[in-house]
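Numbering (the numbering used here), first residue to last: 8 to 200. Backbone N, C-alpha and C fix where the C-beta goes; we use that ideal spot for every residue, glycine too. Only a predicted model underlies this, so the values are computations on that prediction, with no experimental measurement involved. So the structure is just underneath, and the comments pick up after that.
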C-alpha cells in the first residue's frame with residue numbers, strides 16, 4: 008500500500024506540476040466567449056508562475072482583419088487573420104498580444120522548440136489547441152489551411168517586419184521567424200499580469 012501511495016505521489020509531482028486549469032472569458036466588445044488555459048510554468052530555482060492564455064485564436068473583427076479566403080466559416084473555427092499592427096491592438100482590454108518571452112516560457116515548459124509543438128497543437132498537454140489556420144501573404148493570397156499555424160509575436164517588429172511563431176501539422180518543432188508585418192496571421196492573447 009505504501010508503495011502505491013509513493014508511486015502516486017511521485018506521479019502527481021512529476022506530471023501535476025504542469026496541469027492546466029481551463030477557464031473562459033467574454034470579450035465585452037462583441038460578446039464572444041473564448042476558452043482560456045491557465046498554464047503553470049516552472050522557472051529556474053523552483054519558482055512557478057502562471058500565465059492565462061487564450062485557448063483559441065482571436066476572432067475580433069477589426070477594420071483590416073479577414074477570414075481565411077474571406078469565408079466567415081473559417082473565422083468561426085480558426086479565428087481572424089491580422090496584420091502585425093492590427094494584431095497589437097486587437098486583444099480585449101486586460102489582455103495583450105503574446106510576447107516573445109511568453110512564447111519562450113511555453114517552449115521551455117514543454118520541452119523546447121524542437122518538441123513543444125505537440126503540446127501546443129490541438130489535443131496537446133498545454134490545452135492551447137493551436138489549429139493550423141494558414142495565413143495570407145502581402146499580395147492577399149491565402150495558403151496552408153490545415154498545414155501551418157502562424158501566430159504574431161508582439162515584441163519583435165516594426166511597420167515593415169515582425170516576429171511570429173510557426174507550427175506545422177507534420178512536425179513537432181516550433182519555429183520563430185521574422186516576416187513582412189503586412190502578412191495576415193493568427194493571434195493569441197495573454198491575460199495582463
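In DSSP terms, what residue i is bridged to
| i | result |
| --- | --- |
| residue 58 | 46 |
| residue 89 | 192 |
| residue 156 | 141 and 174 |
| residue 197 | 60 and 103 |
| residue 28 | 45 |
| residue 184 | 171 |
Proximity of residue i and residue j at Cβ, strictly below 9 Å
| i | j | result |
| --- | --- | --- |
| residue 197 | residue 88 | no |
| residue 173 | residue 156 | yes |
| residue 131 | residue 85 | no |
| residue 124 | residue 192 | no |
| residue 165 | residue 182 | no |
| residue 186 | residue 169 | yes |
| residue 97 | residue 65 | yes |
| residue 129 | residue 60 | no |
| residue 101 | residue 199 | yes |
Close Cβ partners of residue i (< 8 Å) along its chain, the five nearest in sequence each way excluded
| i | result |
| --- | --- |
| residue 62 | 29, 41, 42, 43, 44, 134, 135 and 136 |
| residue 163 | 107, 169, 170 and 185 |
| residue 15 | Caution is warranted here: a pLDDT of 31 is assigned to residue 15, below 50, making its placement in the model unreliable, and no coordinate value can be reported. |
Alpha carbon of residue i to alpha carbon of residue j, nearest angstrom
| i | j | result |
| --- | --- | --- |
| residue 153 | residue 112 | 26 Å |
| residue 39 | residue 82 | 12 Å |
| residue 36 | residue 57 | 26 Å |
| residue 79 | residue 120 | 32 Å |
| residue 107 | residue 77 | 29 Å |
| residue 52 | residue 116 | 14 Å |
| residue 69 | residue 90 | 10 Å |
| residue 31 | residue 46 | 13 Å |
| residue 206 | residue 145 | As displayed, the chain neither begins before 8 nor continues past 200, which places residue 206 out of reach and without an answer. |
| residue 74 | residue 148 | 12 Å |
| residue 92 | residue 114 | 25 Å |
| residue 190 | residue 67 | 17 Å |
Contacting residues, own chain, Cβ-Cβ under 6 Å from residue i (five flanking each side not counted)
| i | result |
| --- | --- |
| residue 127 | 133, 135 and 137 |
| residue 99 | 34 |
| residue 94 | 104, 159 and 194 |
| residue 151 | 141 |
| residue 175 | 155 |
| residue 48 | 56, 112 and 116 |
| residue 122 | 179 |
| residue 27 | 44, 46 and 134 |
Checklist line | Whole runs of the beta strand (DSSP E) within the stretch 65 to 89, excluding any shorter than 3 residues | finding: none
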